[in-house]
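Q: Protein chains in written order, with this note's numbering: chain A, 339 to 701; chain B, 339 to 701. Ideal Cβ positions, reconstructed from N, Cα and C, are used throughout, including at glycine. Fair warning: this is a prediction, and the values are worked out from it, not measured in the lab. Can you read through this structure? Questions will come right after.
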């Protein structure tokens with residue numbers, strides 16, 4: 339029996355520009371079957387949540403342009419459960435809207451907020467961890483984030499430094515600090531200290547607790563959403579209110595707006611497999627390799643003297659490659675990217691340059 | 339006034355496998371606008387011949403499967419002037435059929451035989467050279483080949499060693515030997531000797547002279563075509579005769595079957611620009627480069643730290659490339675080839691491997 343006061347908010351508005359051109363603004367990363375399983379990352383996220391939260395309590399927050407993709411990929415989702423942002427404003431306004439919306443429907447609600455484009459494995463542990471987290475936030479005035487036990491000195495993630503454990507909750511600690519991506523030296527210190535966890539970007543709290551946190555730390559935004567009380571949950575009125583008030587919200591992340599400021603922040607140490615698939619290299623590291631040490635997405639590769647590459651191609655395509663090592667080859671029909679994996683941080687600049695020189699049709 | 343006894347045979351049956359996958363068996367090199375001029379190599383060949391030979395005397399010999407492409411690209415060509423080979427048998431049977439066909443129509447005929455997929459520049463010199471060649475073969479019992487004055491120690495071409503000049507014909511010499519592709523050392527000796535010319539694969543002769551040469555040097559093939567005398571020039575009968583007799587011909591080149599054996603072989607030294615576009619490197623060397631030193635075919639390229647590459651892509655496609663030097667990148671929609679220019683001689687093997695592993699749809 340699933341607790342009917344538990345809700346889920348799937349954040350699904352990202353544009354996935356780091357995977358351009360395989361991920362495009364009209365079909366970003368979360369909508370792609372990135373791992374070749376037959377389900378997109380969004381669908382995998384939904385599937386993972388269904389054992390935990392009643393489908394009628396699952397909300398997807400996304401940019402208005404992705405409504406058709408959401409309906410296509412999640413046909414079971416009630417249309418009223420898709421919250422369409424009229425503008426891109428990072429995670430804090432997105433989460434605020436969802437919290438005010440859910441609180442209007444169910445003042446007793448607790449909620450999990452999750453990205454739609456991460457890879458999670460060992461789902462049994464995931465489910466146990468989330469149930470444990472729900473119980474914690476339902477019984478404490480707490481903002482809970484999930485922290486992953488690090489397995490390597492990763493420089494691409496944010497870290498959470500833990501403080502004293504919570505009595506009676508062996509896997510939950512008070513948070514001491516949030517730390518942005520460290521350099522390798524520092525990451526090694528973090529790893530060996532045992533005091534640092536990876537910040538997963540998955541949160542649990544009650545609607546009441548997160549609303550209070552918005553009031554305390556981003557009060558302008560909270561007051562802006564308060565003006566809509568009485569309209570949330572009434573589709574036409576809510577849509578009109580949001581179209582008028584959402585674009586005026588500051589664009590800011592939930593970490594920066596709330597989590598790094600609040601004093602009631604806790605972290606649950608979890609041990610499921612997790613990867614934010616934030617980079618081509620992360621995707622390469624998490625994907626099965628063929629005999630030659632290449633990773634392929636949706637394509638067949640005939641390779642000669644080539645290894646360490648990732649080939650991501652839309653449609654069934656044959657790639658014949660000779661003498662290429664450690665490259666990204668991403669083909670999106672009208673754009674072909676060939677770039678060393680070591681240079682992938684430059685892809686955002688390349689997208690910008692392509693836009694400057696050739697117009698926005700390639701975004 | 340064009341001499342009405344002059345004919346042209348355009349050989350158009352090649353499959354262009356060295357340019358795979360940009361050139362595919364269903365649309366080989368000669369049908370592609372390789373130089374971005376708006377005209378395919380075949381169309382450029384036709385355009386070049388029209389000032390020399392009456393359009394009603396131009397024949398195209400090709401494989402049966404290319405008939406629709408020929409009609410599309412050369413709409414002025416009478417359908418009866420397309421000789422469709424029922425099987426691929428190299429150049430000797432192709433030329434024999436054309437010679438027997440033309441001799442049946444016009445016993446006084448002289449003819450130029452030309453590939454359809456070479457690049458020729460300085461067309462005024464080309465026209466003068468061909469007119470000069472026609473006059474020579476119309477007045478001598480001669481098989482004439484065109485020899486290009488070499489400008490570099492090219493190892494990719496065949497060479498012709500010249501013997502004594504013909505009295506009264508300053509640009510024409512007797513041929514001493516034909517030499518296959520030399521190594522670099524030998525090519526340098528050839529170049530400095532002044533005795534060697536590049537073998538262009540363009541021939542002139544009378545129908546009578548080439549038929550006699552077939553009788554002398556490949557008599558089986560000549561007797562086979564003799565059986566069709568009385569049927570050539572009568573479309574249905576000729577087609578039926580060819581379908582029964584052509585496939586039985588030995589697959590052999592005209593050089594090997596006739597030119598290297600005959601004693602009445604002459605070469606005209608010509609100075610028009612010529613390149614057989616036999617390799618990606620040859621195409622690269624003969625194409626304008628962009629600022630970065632890359633050559634592009636039908637595509638836009640945004641390049642970073644990349645030079646010496648050739649990008650050949652069907653349809654309008656944006657290529658974004660970083661850190662690639664001296665590669666071939668050829669995209670044909672369902673196949674993408676990435677291969678160092680220095681390894682291009684392996685492409686035939688790659689085509690073979692692709693066929694073995696993935697079936698013939700990629701040929």
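1. Suppose the cutoff is 7 Å on Cβ atoms and the five residues either side in sequence are ignored; what does the same chain contact list for residue 516 of chain A look like?
2. Measuring alpha carbon to alpha carbon, tell me which of A:559, A:622 and A:416 ends up nearest residue 668 of chain A.
3. In chain order, what residues of the same chain lie with their CB nearer than 7 Å to the CB of residue 569 of chain A, ignoring the 5 residues before and after it?
4. Could you work out which residue in B:615, B:617, B:616 and B:650 is closest to residue 632 of chain B when comparing CA atoms only?
5. Nearest to residue 600 of chain A by CA position, among A:555, A:356 and A:506, is which residue?
6. DSSP three-state label for residue 605 of chain B, please.
7. I'd like to know if the stretch 388-399 of chain A and the stretch 459-475 of chain A are in contact, where contact means that at least 3 CB-CB pairs between them fall below 8 Å.
8. Between which residues of its own chain and residue 446 of chain A is the CB-CB distance below 7 Å, once the five residues before and five after are set aside?
9. Pull the bridge partners of residue 379 of chain A from the DSSP assignment, please.
10. Can you tell me the Cα-Cα spacing of residue 509 of chain B and residue 541 of chain B, whole angstroms?
11. Taking residue 507 of chain B as part of the beta strand (DSSP E), name the residues at either end of that continuous run.
12. From the DSSP output, which residues share a beta bridge with residue 484 of chain B?
13. For the beta strand (DSSP E) that contains residue 668 of chain A, what are its first and last residues?
14. From the DSSP output, which residues share a beta bridge with residue 423 of chain B?
15. For a contact defined as C-beta to C-beta under 9 Å, what are the partners of residue 684 of chain A on chain B?
16. Of all the options A:573, A:549 and A:677, which has the alpha carbon lying nearest to the alpha carbon of residue 707 of chain A?
17. For residue 648 of chain B, name the three-state secondary structure that DSSP assigns.
18. Give me the chain B residues within the contact set of residue 676 of chain A, using Cβ-Cβ distance strictly less than 8 Å, ordered along the chain.
19. Can you give the Cα-Cα distance for residue 688 of chain A and residue 656 of chain B, rounded to whole angstroms?
20. Flag residue 359 of chain A as yes if its beta-carbon sits less than 9 Å from any beta-carbon of chain B, otherwise no.
21. What does the alpha-carbon distance come out to for the pair residue 479 of chain A and residue 500 of chain A?
22. Have a look at residue 658 of chain B and residue 458 of chain A and give me their C-alpha separation to the nearest angstrom.
23. Taking 8 Å as the threshold, find out whether the stretch 365-381 of chain B comes into contact with the stretch 429-438 of chain B through three or more Cβ pairs.
24. Please name the residue, chosen from B:673, B:413, B:635 and B:648, that lies closest to residue 682 of chain B on a Cα-to-Cα basis.
25. Taking the alpha carbon of residue 543 of chain A as the point to measure from, which residue in A:531, A:586, A:483 and A:507 has its own alpha carbon closest?
26. Look up residue 710 of chain B in the DSSP assignment and say whether it is helix, strand or coil.
27. Give me the chain A residues within the contact set of residue 692 of chain B, using Cβ-Cβ distance strictly less than 7 Å, ordered along the chain.
28. Taking the alpha carbon of residue 502 of chain B as the point to measure from, which residue in B:486, B:533 and B:488 has its own alpha carbon closest?
29. Examine chain A for any beta-carbon lying closer than 9 Å to the beta-carbon of residue 681 of chain B, and answer yes or no.
30. Measure the C-alpha to C-alpha separation of residue 415 of chain A and residue 396 of chain A and round it to an integer number of angstroms.
31. Determine whether the Cβ of residue 633 of chain A lies closer than 9 Å to any Cβ atom of chain B.
32. What residues from chain A crowd round residue 622 of chain B, counting only those whose CB sits closer than 9 Å?
A: Well, looking at it:
1. Within the first chain, residue 516 of chain A is the residue found at index 178, counting from 1. Result list for residue 516 of chain A: 496, 498, 537, 593, 597 and 598, in chain order.
2. The sequence position of residue 668 of chain A within the first chain is 330, counting from 1. Among A:559, A:622 and A:416, the Cα nearest to that of residue 668 of chain A is on A:622.
3. Position 231 of the first chain, counting from 1, holds the residue named residue 569 of chain A. Hits under 7 Å: 575, 576 and 579.
4. Position 294 of the second chain, counting from 1, holds the residue named residue 632 of chain B. For residue 632 of chain B, the nearest C-alpha among the options comes from B:650.
5. Walking along the first chain from the start, residue 600 of chain A turns up at place 262. The shortest C-alpha separation from residue 600 of chain A is found at A:555.
6. Along the second chain, read from residue 1 onward, the residue named residue 605 of chain B stands at position 267. The answer is strand: DSSP assigns residue 605 of chain B an E or B state.
7. yes
8. As a first step, residue 446 of chain A is located in the first chain; it is residue number 108 there, counting from the start. Excluding residues within five positions, the ones whose Cβ falls inside 7 Å are 343.
9. Position 41 of the first chain, counted from the start, is the residue given in the question as residue 379 of chain A. None; residue 379 of chain A has no bridge partner.
10. Start at 1 with the first residue of the second chain, and residue 509 of chain B comes out as number 171. Start at 1 with the first residue of the second chain, and residue 541 of chain B comes out as number 203. Going by the C-alpha atoms only, they are around 15 Å apart.
11. Residue 507 of chain B sits at position 169 when you count from the first residue of the second chain. Segment 507-517, the beta strand (DSSP E) holding residue 507 of chain B.
12. In the second chain, the residue the question calls residue 484 of chain B occupies position 146. DSSP output for residue 484 of chain B lists B:606 as bridge partner(s).
13. Your numbering for residue 668 of chain A matches position 330 in the first chain. Segment 665-669, the beta strand (DSSP E) holding residue 668 of chain A.
14. Position 85 of the second chain, counted from the first residue, corresponds to residue 423 of chain B. Paired residue(s): B:401.
15. Looking up residue 684 of chain A in the first chain gives position 346. Residues of chain B passing the Cβ test: 642 and 660.
16. It is not possible to answer for residue 707 of chain A, since the shown part of chain A is limited to 339 through 701.
17. Numbered from its first residue, the second chain carries residue 648 of chain B at position 310. The answer is strand: DSSP assigns residue 648 of chain B an E or B state.
18. Locating residue 676 of chain A in the first chain gives position 338, counting from the first residue. Here the neighbours are 657, 658, 659, 660, 662, 667 and 676.
19. Position 350 of the first chain, counted from the start, is the residue given in the question as residue 688 of chain A. Position 318 of the second chain, counted from the start, is the residue given in the question as residue 656 of chain B. If I take the Cα positions, the gap works out to 12 Å.
20. Here residue 359 of chain A refers to the residue found at position 21 when the first chain is read from its first residue. Output row for residue 359 of chain A: interface = yes.
21. If you number the first chain from 1, residue 479 of chain A lands on position 141. If you number the first chain from 1, residue 500 of chain A lands on position 162. Rounded to whole angstroms, residue 479 of chain A to residue 500 of chain A spans 18 Å at the Cα level.
22. In the second chain, counting from the first residue as 1, residue 658 of chain B sits at position 320. In the first chain, counting from the first residue as 1, residue 458 of chain A sits at position 120. Distance between the alpha carbons of residue 658 of chain B and residue 458 of chain A is about 31 Å.
23. no
24. In the second chain, the residue the question calls residue 682 of chain B occupies position 344. Closest option to residue 682 of chain B, Cα to Cα, is B:648.
25. Along the first chain, one-based indexing puts residue 543 of chain A at 205. Closest by alpha carbon: A:483.
26. Outside the shown range of chain B (339 to 701) lies residue 710 of chain B, about which nothing can therefore be said.
27. Taking the first residue of the second chain as 1, we reach residue 692 of chain B at position 354. Going along chain A in sequence order, the residues near residue 692 of chain B (Cβ under 7 Å) are 640, 656 and 658.
28. Here residue 502 of chain B refers to the residue found at position 164 when the second chain is read from its first residue. Comparing Cα-Cα distances from residue 502 of chain B to each of B:486, B:533 and B:488, the minimum goes to B:533.
29. Taking the second chain and counting its residues from 1, one reaches residue 681 of chain B at position 343. At least one chain A Cβ lies under 9 Å of residue 681 of chain B.
30. In the first chain, the residue the question calls residue 415 of chain A occupies position 77. In the first chain, the residue the question calls residue 396 of chain A occupies position 58. When rounded, the distance between both Cα atoms is 8 Å.
31. For the purposes of this step, residue 633 of chain A is identified with residue 295 of the first chain, where counting begins at 1. Judged by the 9 Å Cβ criterion, residue 633 of chain A is not in contact with chain B.
32. As a working mapping, residue 622 of chain B is identified with position 284 in the second chain. Here the premise fails: no neighbours, minimum Cβ distance about 17 Å.
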